[in-house]
Structure formats: structure tokens, C-alpha cells
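Participant: My questions all concern the structure below.
Residue numbers (our numbering): 1 to 130.
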């Protein structure tokens with residue numbers, strides 16, 4: 001038969017064997033995980049340069065578009081200034097003489113109205129004096 005020490009040694013050996021088995025299984029899984037991570041990093045490294053090239057070309061096209069927008073904005077600003085100048089010139093050319101013509105016509109109408117009123121008053125006086 002087995003003595004108590006031998007049984008304890010046997011149990012310890014079995015526990016040690018089970019523990020070693022679990023450690024080997026964990027180590028095998030860790031190695032698989034590391035291999036998969038290596039593959040992912042390698043694929044990412046392969047995909048990154050084309051993506052960076054695409055980003056660089058997109059930035060170049062965006063810069064070109066922004067330069068065009070700046071040119072358009074400058075042209076619109078110049079056109080706006082030209083329209084403002086033409087408007088001011090038109091106003092100075094037309095408004096001054098129009099105000100003068102309106103003032104003259106108002107004065108003429110007022111004088112004619114006063115003469116008419118005077119003629120009516122004179123006519124009434126003549127009729128009254130007869």
C-alpha cells in the first residue's frame with residue numbers, strides 16, 4: 001500500500017501535471033494571438049502607403065479648389081467695387097439734374113398757381129365793382 005507521503009506526492013504530481021497542461025494551452029493560445037496581431041499589423045502596414053497617397057492627392061485637389069475660390073472671390077470683389085462706382089457715378093450724374101428739374105417745375109407750378117389765383121381774385125373784384 002501507499003503511505004500518506006506517497007499519496008501526497010502522487011496528488012502533487014497530478015496537480016503539477018494539470019497545471020503544466022493549462023499553462024501549455026494558455027501559451028499556445030497566446031502564441032496564436034501574437035501571430036494574428038502580427039498579421040494585422042503587417043496588413044495595416046501594406047494598406048497605409050496607398051491611403052496616405054490618396055490623402056495627399058485629396059489635399060492637393062482641395063488646395064487647387066481653394067485657390068480657384070480665392071480667385072473667384074477676388075473677381076467678385078472687383079466686380080462689386082465696379083458696380084458701386086457705376087452706381088455712385090450714375091447717382092451723381094442723374095440725381096443732381098433731376099433735383100434741379102423737379103425744383104424748377106415745382107417753382108413754375110407754384111408761380112402759375114399763384115398767377116391763376118390772382119387772376120381769379122381780379123376777376124371777382126371786377127365783377128364786384130361793376
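Where a beta carbon is used, it is the ideal one built from N, C-alpha and C, also for glycine.
(1) Alpha carbon to alpha carbon, what distance is there between residue 80 and residue 89?
(2) Alpha carbon to alpha carbon, what distance is there between residue 65 and residue 78?
(3) Express the C-alpha separation of residue 63 and residue 70 in angstroms, rounding to a whole number.
(4) Could you compute how far the alpha carbon of residue 105 sits from the alpha carbon of residue 115?
(5) According to DSSP, simplified to helix, strand and coil, what is residue 38?
(6) Can the beta-carbon of residue 10 be found less than 9 Å from the beta-carbon of residue 2?
(7) Quick one: which unbroken beta strand (DSSP E) runs of 3-plus residues sit fully inside the stretch 43–86? Chain order, please.
(8) For residue 59 and residue 51, I'd like the C-alpha separation in whole angstroms.
(9) Report the three-state DSSP secondary structure of residue 123 (helix, strand or coil).
(10) Measuring only the C-alpha atoms, how far is residue 17 from residue 23?
(11) Helix, strand or coil: how does DSSP classify residue 118 here?
Facilitator: Considering the structure as presented:
(1) The alpha-carbon atoms of residue 89 and residue 80 are separated by roughly 14 Å.
(2) 20 Å
(3) Taking C-alpha positions only, residue 70 is separated from residue 63 by approximately 10 Å.
(4) 15 Å
(5) The DSSP-derived three-state label of residue 38 is helix.
(6) yes
(7) none
(8) Between residue 59 and residue 51, the C-alpha separation is close to 12 Å.
(9) helix
(10) 10 Å
(11) Annotated three-state conformation of residue 118 is helix, per DSSP.
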